[in-house]
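Using the working numbering, the first residue of the sequence shown is number 81, and each one after it goes up by one. Data block below; observations after.
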Amino acid sequence: MAVTGAASGIGRALAIELAARGADLALADRDEAGLQSVAAEIAKGSTRKVSLHRLDIGDSEAVTAFAREAIAAHPALNIVINNAGVALLGQFHEIDQAQMEWLFNINFWGAVHATRAFLPHLASQPASHIVNLSSIFGIVAPPGQTAYSAAKFAVRGFSEALRHELQMAKSPIRLSVVHPGGIKTNIVRNSRAGSGVTDNERRVQSIERFDAIAQTSAKDAALRIIKGIEKNEPRILIGGDARFMDILQRFRPATYWNVMAKRIEKASKRGK
Numbered sequence: 081m082a083v084t085g086a087a088s089g090i091g092r093a094l095a096i097e098l099a100a101r102g103a104d105l106a107l108a109d110r111d112e113a114g115l116q117s118v119a120a121e122i123a124k125g126s127t128r129k130v131s132l133h134r135l136d137i138g139d140s141e142a143v144t145a146f147a148r149e150a151i152a153a154h155p156a157l158n159i160v161i162n163n164a165g166v167a168l169l170g171q172f173h174e175i176d177q178a179q180m181e182w183l184f185n186i187n188f189w190g191a192v193h194a195t196r197a198f199l200p201h202l203a204s205q206p207a208s209h210i211v212n213l214s215s216i217f218g219i220v221a222p223p224g225q226t227a228y229s230a231a232k233f234a235v236r237g238f239s240e241a242l243r244h245e246l247q248m249a250k251s252p253i254r255l256s257v258v259h260p261g262g263i264k265t266n267i268v269r270n271s272r273a274g275s276g277v278t279d280n281e282r283r284v285q286s287i288e289r290f291d292a293i294a295q296t297s298a299k300d301a302a303l304r305i306i307k308g309i310e311k312n313e314p315r316i317l318i319g320g321d322a323r324f325m326d327i328l329q330r331f332r333p334a335t336y337w338n339v340m341a342k343r344i345e346k347a348s349k350r351g352k
């Protein structure tokens with residue numbers, strides 16, 4: 081199995097849980113120290129083969145090289161989890177074009193390039209699976225998330241169209257797209273700020289609000305993804321908040337945010 085963004089958050093939890101289930105792993109991240117830490121933790125309870133790959137997921141040539149190296153290290157590799165992602169703080173007028181392209185190169189093009197790079201090999205396996213991490217913000221689009229939501233909506237659209245193509249071609253490859261709600265990771269804490277964001281107060285508020293409303297641990301998110309792979313679920317929603325927002329936007333597709341803004345404010349005040 082190949083997992084990108086494996087040094088922290090959901091990716092790290094996936095690596096640990098998959099190793100516990102006897103999987104050989106190709107783990108990729110630009111954080112080499114984080115990868116070493118994950119590998120050391122896995123080694124405590126598993127003797128499975130783990131290869132580590134320093135990777136800038138926004139570099140298409142590096143992604144191609146990663147796929148080549150991962151397949152060479154693990155010839156039977158049959159699952160690819162495109163998990164790597166970043167966040168960007170600021171409203172649209174506060175984010176410059178270069179920053180938006182930076183986010184897209186990681187959150188969208190990273191998944192596309194990895195899918196393209198691994199696809200021929202996966203097609204040669206008797207059974208294989210691609211898992212693309214979108215977000216609940218690939219289903220609903222809150223203010224202050226123009227870049228992130230656009231990229232995650234794009235991941236969703238790409239994944240659903242590709243899944244239909246694979247089904248029509250009777251391919252052995254299955255594809256799931258994942259929509260996590262609030263997961264207790266450092267993605268907001270590690271987010272970049274838009275060039276037009278001139279104060280640090282909003283970053284602090286964003287972190288506090290996210291920490292207050294995030295409901296699901298990275299481990300529970302990983303377990304839900306693994307269950308979704310085992311059951312071949314085309315769409316994997318993670319957390320009660322994600323399921324609620326998914327239903328809400330179906331009933332109020334143009335006005336769901338009026339409801340969500342009030343709920344988020346109340347949850348933030350309650351600290352849960």
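By construction, the Cβ of each residue, glycine as well, lies at the ideal position given by its N, Cα and C atoms. Since we're looking at a predicted model, the values are computed, not measured.
(1) For the alpha helix (DSSP H) that Ser251 lies in, which residues bound it at each end?
(2) Can you give me the start and stop residues for the beta strand (DSSP E) that Leu105 sits inside?
(3) So the candidates are Val339, Arg243, Ile216, Val143; which of them puts its Cα closest to the Cα of Phe233?
(4) To the nearest whole angstrom, what separates the beta carbons of Ser251 and Ala178, a pair I think is in contact under 8 Å?
(5) If the criterion is Cβ atoms closer than 8 Å, does the pair Ile90 and Ala301 meet it?
(6) Taking Thr84 as part of the beta strand (DSSP E), name the residues at either end of that continuous run.
(7) Could you tell me the alpha carbon to alpha carbon distance between Pro206 and Lys346, rounded to whole angstroms?
(8) Suppose contacts are defined by Cβ-Cβ distances below 8 Å. Is Gly165 in contact with Ile186 by that definition?
(9) Could you give the distance in angstroms between the alpha-carbon of Ser297 and the alpha-carbon of Ile96?
(10) Return the residue from the list Arg269, Asn312, Val235 that minimises the CA-CA distance to Phe194.
(11) Under a three-way DSSP split, which group does Pro260 fall into?
(12) Go ahead and pull the three-state DSSP assignment for Ile90.
(13) Hey, is the stretch 265 to 280 in contact with the stretch 242 to 256, meaning 3+ C-beta pairs nearer than 8 Å?
(14) Would you check if the distance between the CB atom of Ile161 and the CB atom of Ala241 is smaller than 8 Å?
(15) Using 8 Å as the Cβ pair cut-off and three pairs as the minimum, do the stretch 96 to 111 and the stretch 128 to 136 touch?
(16) Taking just the CA atoms, how far does Ala142 sit from Asp148?
(17) Along the alpha helix (DSSP H) that carries Ile137, what are the first and last residues, could you check?
(18) Is Val118 near Ala156, with beta carbons less than 8 Å apart?
(19) Does the Cβ of His209 have 16 or more other Cβ atoms within 10 Å, making it buried, or fewer, making it exposed?
(20) Which of the three DSSP states is assigned to His193 in this structure?
(21) Roughly how far, in whole angstroms, is the beta-carbon of Gly319 from the beta-carbon of Gly261, given that I think they are within contact range, below 8 Å?
(22) Helix, strand or coil for Arg304 per DSSP?
(23) In the DSSP output, what is Asn162 paired with across the bridge?
(24) The beta strand (DSSP E) with Ile318 in it runs from where to where?
(25) Does the beta-carbon of Gln116 have 16 or more other beta-carbons within 10 angstroms, so that it is buried, or is it exposed?
(26) Compute the Euclidean distance between the alpha carbons of Phe238 and Gly125, then round it to the nearest angstrom.
(27) Output needed for Met180: all residues of its chain with C-beta closer than 7 Å, excluding positions within five of it in sequence on either side, in chain order.
(28) Mind checking whether Gly274 and Leu169 have CB atoms under 8 Å apart?
Let me spell this out:
(1) Element bounds for Ser251: n/a, residue is neither H nor E.
(2) Leu105: member of the beta strand (DSSP E) spanning 105 to 109, first to last residue.
(3) Ile216
(4) Wrong, their Cβ atoms sit about 37 Å apart, outside the cutoff.
(5) Yes, the Cβ-Cβ distance between Ile90 and Ala301 is below 8 Å.
(6) 82 to 84
(7) A straight-line Cα-Cα distance of about 50 Å links Pro206 and Lys346.
(8) yes
(9) 14 Å
(10) For clarity, residue 194 is Ala in the given sequence; the question names Phe instead. Taking only the C-alpha atoms, the option nearest Ala194 is Val235.
(11) strand
(12) helix
(13) no
(14) no
(15) In this structure the stretch 96 to 111 lies against the stretch 128 to 136, because at least three pairs of beta carbons, one per stretch, are closer than 8 Å.
(16) For the record, residue 148 in the displayed sequence is Arg; it is not Asp. Distance between the alpha carbons of Arg148 and Ala142: 10 Å.
(17) That residue, Ile137, is in no alpha helix (DSSP H); it is neither H nor E in DSSP.
(18) no
(19) buried
(20) helix
(21) 3 Å
(22) helix
(23) Asn212
(24) Run containing Ile318: 315 to 318, per the beta strand (DSSP E) assignment.
(25) exposed
(26) About 37 Å.
(27) Ala227
(28) yes
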